[in-house]
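Peer 1: Would you mind keeping the following structure in view while I ask a few things?
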Amino acid sequence: MTARTLALLQGWLADDRLAMARLVVVTAGAIAPSDTNVPSPHATPVWGLVRSAQTENAGRFVLLDIDGDPASRRALPAALGLDEPQLRVQGGWVLVPRLARCEPDGAVPTLDPNGTVLVTGATGALGGLIARHLVAAHGARRLLLVSRRGGAAPAAAKLVAELRDLGAEVTSAACDVADRDAMTELLTLVPVAHPLTAVVHAAGTLDDGVLGTLTPERVASVLRAKVDAAWHLHELTKGAELSAFVLYSSVAGVLGTAGQANYAAANTFLDGLAEYRRGLGLPATALAWGLWETGMGDRLEPADRARMSRAGLATISPEQGLTLFDAALAMDRAVVVPAPLDLAAVRARATEGPLPPMLRGLVRGPVRRADRGGAGEPVGATQLVDLPEAERATRLTEELRVRVAAVLGHENADAIDVRRGFLEMGLDSLATVELRNQVNALVGLRLPTTLLIDYPTVADLVEHLLTRIAPEPAPAVEPALTDLDRLEQNLSTVEPAERELITARLGDLLSRFGRAQAIGMGADLESASDDEIFELIDNEFGISPTVED
Numbered sequence: 021m022t023a024r025t026l027a028l029l030q031g032w033l034a035d036d037r038l039a040m041a042r043l044v045v046v047t048a049g050a051i052a053p054s055d056t057n058v059p060s061p062h063a064t065p066v067w068g069l070v071r072s073a074q075t076e077n078a079g080r081f082v083l084l085d086i087d088g089d090p091a092s093r094r095a096l097p098a099a100l101g102l103d104e105p106q107l108r109v110q111g112g113w114v115l116v117p118r119l120a121r122c123e124p125d126g127a128v129p130t131l132d133p134n135g136t137v138l139v140t141g142a143t144g145a146l147g148g149l150i151a152r153h154l155v156a157a158h159g160a161r162r163l164l165l166v167s168r169r170g171g172a173a174p175a176a177a178k179l180v181a182e183l184r185d186l187g188a189e190v191t192s193a194a195c196d197v198a199d200r201d202a203m204t205e206l207l208t209l210v211p212v213a214h215p216l217t218a219v220v221h222a223a224g225t226l227d228d229g230v231l232g233t234l235t236p237e238r239v240a241s242v243l244r245a246k247v248d249a250a251w252h253l254h255e256l257t258k259g260a261e262l263s264a265f266v267l268y269s270s271v272a273g274v275l276g277t278a279g280q281a282n283y284a285a286a287n288t289f290l291d292g293l294a295e296y297r298r299g300l301g302l303p304a305t306a307l308a309w310g311l312w313e314t315g316m317g318d319r320l321e322p323a324d325r326a327r328m329s330r331a332g333l334a335t336i337s338p339e340q341g342l343t344l345f346d347a348a349l350a351m352d353r354a355v356v357v358p359a360p361l362d363l364a365a366v367r368a369r370a371t372e373g374p375l376p377p378m379l380r381g382l383v384r385g386p387v388r389r390a391d392r393g394g395a396g397e398p399v400g401a402t403q404l405v406d407l408p409e410a411e412r413a414t415r416l417t418e419e420l421r422v423r424v425a426a427v428l429g430h431e432n433a434d435a436i437d438v439r440r441g442f443l444e445m446g447l448d449s450l451a452t453v454e455l456r457n458q459v460n461a462l463v464g465l466r467l468p469t470t471l472l473i474d475y476p477t478v479a480d481l482v483e484h485l486l487t488r489i490a491p492e493p494a495p496a497v498e499p500a501l502t503d504l505d506r507l508e509q510n511l512s513t514v515e516p517a518e519r520e521l522i523t524a525r526l527g528d529l530l531s532r533f534g535r536a537q538a539i540g541m542g543a544d545l546e547s548a549s550d551d552e553i554f555e556l557i558d559n560e561f562g563i564s565p566t567v568e569d
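Residues in the sequence shown are numbered from 21 upward in steps of one, following this note's numbering.
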């Protein structure tokens with residue numbers, strides 16, 4: 021399902037005819053379940069995949085989850101008329117996702133010292149960190165540490181020695197946790213006298229790339245480490261009396277991180293699995309972690325770290341992460357997002373483009389921008405159009421230099437040479453996506469994914485954008501456009517039985533409007549040559565008439 025959705029999104033973005041259209045991706049019961057329904061989590065990766073696609077391509081995709089209530093179907097037109105890229109329609113109610121602050125509402129749980137705790141990804145940085153914490157702070161005394169290389173992993177011997185010094189009995193095992201048979205055999209290592217009482221699934225892998233570069237194979241490899249392993253753990257431990265089933269998820273799936281659509285897809289499955297297990301009366305907590313200083317965060321390039329910082333994601337220190345782990349387990353929630361957010365950075369970035377919908381409940385208004393290198397106050401698409409033609413190019417150049425500087429991590433725009441190529445200045449694929457989105461927001465257009473390849477310098481881009489920024493419609497046209505906007509809004513509430521009459525009226529109106537245009541063209545047509553008429557037909561209808569002698 022995820023691979024088919026990837027192909028659909030890639031095909032949609034590649035078709036220039038659809039540049040101004042939105043694709044609505046509809047699922048049924050893929051996200052948080054209602055009180056009376058426990059949906060399967062198998063469609064949840066689509067939400068993570070599309071969330072990242074939305075981040076990379078603002079305004080092109082809408083996510084919609086719907087139940088089978090007739091009232092929900094009647095609410096669809098109004099729902100899709102909202103300025104919301106993610107929606108759930110349930111029982112006729114239109115719901116939108118928002119992050120909200122939450123506090124622990126219970127005590128930090130302790131583990132049964134007589135039971136066994138299984139930790140996957142245990143020899144990785146985060147797996148080892150949590151294994152030590154489970155022993156030191158949660159009372160675990162017997163651990164089954166699982167990784168692909170087991171005791172042969174470089175960090176394994178040191179970790180086992182430290183845990184034993186803390187008083188724990190430790191078994192380190194090599195296992196491909198995505199292999200069901202191997203996982204079944206692994207669980208035979210749990211002694212009958214010390215049954216499995218808790219699971220922490222911290223295994224995972226990365227294969228980052230913007231949406232257009234992903235393949236089904238790259239999606240499958242990332243899903244395998246998280247999704248397959250989590251599902252096997254769920255099925256093979258359903259009969260065990262677990263007190264905790266903790267899934268290491270990621271904020272990438274919640275916010276839709278650009279360049280990580282496959283990773284986001286994998287993690288939204290974990291979030292959905294936690295909801296699913298809760299619906300079955302089984303313990304589960306998915307921790308959608310922010311960016312750790314250690315672990316996979318170590319592999320990020322400085323430009324990637326700077327990009328995430330601009331998005332408001334502050335890094336998590338090991339000490340802070342363990343505190344967040346305890347706080348999350350003290351909450352009676354299926355999915356928690358332990359991620360420190362720099363809301364000032366989020367507000368500042370909101371002045372450059374749309375605010376991520378998940379954060380709209382946390383950020384209320386913009387703050388002062390960073391140093392613009394003498395570029396003056398920011399200007400938007402409307403203001404650009406209103407400027408005298410001679411000033412328009414200057415202001416647009418200033419705005420683009422500010423944005424390029426921010427994407428490259430420069431303090432101001434002084435370092436940006438308008439004749440130097442974007443790639444030469446150091447923009448990678450993710451940076452070009454970020455810059456294109458900011459340009460879209462600036463000029464109010466949906467520009468193609470190849471924008472910065474077709475126009476590879478600031479000067480080239482300014483010249484192109486000036487041809488796309490049109491003045492406002494003539495005053496005589498404005499009332500008609502306003503009436504059409506009002507008509508479009510009213511049509512969303514029309515019942516299906518009444519649509520036939522309205523469709524007929526609209527068809528008649530369009531027909532008469534077309535005849536009026538044709539009458540106005542009559543004088544020109546009478547004096548036109550055959551070649552000119554054929555050229556007109558070809559331009560207007562996309563066909564070339566065949567002439568027979």
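Note that CB positions come from ideal geometry on N, CA and C, so glycine has one too.
1. For my contact list, ALA359 and GLY310 are in at a C-beta cut-off of 8 Å; report their separation, rounded to the angstrom.
2. Below 8 Å CB to CB, which residues in the same chain sit around ALA156 once its five sequence neighbours on both sides are set aside?
3. For THR64, which residues of its own chain have a beta-carbon under 6 Å away from its beta-carbon, when the five flanking residues on both sides are left out?
4. If we count the other Cβ atoms within 10 Å of its Cβ and call it buried at 16 or more, is ASP391 buried or exposed?
5. For the segment 296-315 and the segment 251-270, state whether three or more C-beta atom pairs, one from each stretch, are separated by less than 8 Å.
6. Give me whichever residues DSSP pairs with TYR268 in a beta bridge.
7. Based on Cα-Cα distance, which residue from VAL220, ALA34 and ALA23 lies nearest to THR143?
8. If we ignore side chains and look at the alpha-carbon of each, how far apart do HIS430 and THR470 end up?
9. Would you grab the beta carbon distance between LEU363 and LEU382 for me? Rounded to a whole angstrom, and I think it's under 8 Å.
10. Quick one: residues in its chain with C-beta nearer than 6 Å to the C-beta of PHE81, no 5 flanking neighbours on either side, listed in chain order?
11. Can you check the segment 46-88 for any alpha helix (DSSP H) of at least 4 residues that lies completely inside it and give the ranges in chain order?
12. Would you please verify whether the beta carbon of SER192 is less than 9 Å from any beta carbon of chain B?
13. Can you find the residues in the same chain that come closer than 6 Å, C-beta to C-beta, to LEU179, ignoring five residues on each side of it along the sequence?
14. Does the segment 474-481 come into contact with the segment 409-424, if we say contact requires no fewer than three beta-carbon pairs (one atom in each stretch) closer than 8 Å?
15. How long is the line joining the alpha carbons of ALA365 and ALA334, rounded to whole angstroms?
16. Using C-beta distances below 7 Å, list every residue in its chain close to SER6, excluding the 5 sequence neighbours before and after it, in chain order.
17. Tell me where the beta strand (DSSP E) around ARG164 begins and ends.
18. By the DSSP assignment, the alpha helix (DSSP H) with ALA218 in it spans what residues?
19. Under 9 Å, do ILE489 and VAL463 count as touching if we go by C-beta distance?
20. Once you ignore the five residues that flank ARG118 on each side, which residues in its own chain have a CB closer than 7 Å to its CB?
21. Taking the beta carbon of ALA172 as the centre, do at least 16 other beta carbons fall within 10 Å, making it buried, or is it exposed?
22. In chain order, what residues of the same chain lie with their CB nearer than 7 Å to the CB of GLU104, ignoring the 5 residues before and after it?
23. In three-state DSSP terms, what is ARG244?
24. Quick one: grab the DSSP three-state call for GLY126.
25. Start and end of the alpha helix (DSSP H) containing TRP312?
26. State buried or exposed for MET203, treating a residue as buried only when at least 16 other CB atoms are found within 10 Å of its CB.
27. Would you report the Cα separation of ALA176 and ALA245, rounded to the nearest angstrom?
28. Determine the closest residue to VAL247 out of GLY301, GLY441 and ALA285, with distance taken between C-alpha atoms.
29. Hey, would you say GLY111 sits closer than 9 Å to ALA91, going by beta carbons?
30. Sort out for me which residues DSSP pairs THR140 with in a bridge.
31. Per DSSP, what kind of secondary structure is ARG108 in: helix, strand or coil?
32. Taking the beta strand (DSSP E) that ALA194 falls in, what are its first and last residues?
33. Exposed or buried, MET328, counting other C-beta atoms within 10 Å across all chains shown (16 or more means buried)?
34. How big is the Cα-Cα spacing for ARG423 and GLU261?
35. Could you tell me the distance, in whole angstroms, from the CA atom of GLY232 to the CA atom of GLY31?
36. Can you round the beta-carbon distance between LEU163 and ALA151 to whole angstroms, since I take them to be within the 8 Å contact cut?
Peer 2: Concretely, from the data shown:
1. Sure, about 3 Å apart at Cβ, within 8 Å.
2. LEU186
3. ALA50, THR288, PHE289 and GLY292
4. Its pLDDT being 43, under 50, ASP391 is placed unreliably by the model, and the measurement read from it follows with that caveat. Exposed is the call here.
5. yes
6. LEU307
7. VAL220
8. 24 Å
9. 6 Å
10. LEU43, VAL70, ALA73 and GLN74
11. 64-76
12. The structure shown contains no chain B, having only a single protein chain.
13. GLY148
14. yes
15. 10 Å
16. Limits of the chain in this structure are 21 at one end and 569 at the other, which puts residue 6 out of reach.
17. Looking at the sequence shown, residue 164 is not Arg but Leu. Note, LEU164: beta strand (DSSP E), 162-167.
18. Careful: ALA218 lies outside any alpha helix (DSSP H), inside the beta strand (DSSP E) at 216-221.
19. Going by C-beta atoms, ILE489 is nearer than 9 Å to VAL463.
20. Closer than 7 Å at Cβ, skipping near neighbours: MET378, ARG380 and GLY381.
21. exposed
22. By the criterion of a C-beta distance shorter than 7 Å, GLU104 is surrounded in its chain by VAL116 and PRO377, once the five residues flanking it on both sides are discounted.
23. helix
24. coil
25. Segment: none, TRP312 is in no alpha helix (DSSP H) and carries neither H nor E.
26. Buried is the call here.
27. 20 Å
28. Closest by alpha carbon: ALA285.
29. yes
30. Its beta-bridge partners are VAL166 and HIS221.
31. strand
32. 189-194
33. buried
34. 54 Å
35. 9 Å
36. 6 Å
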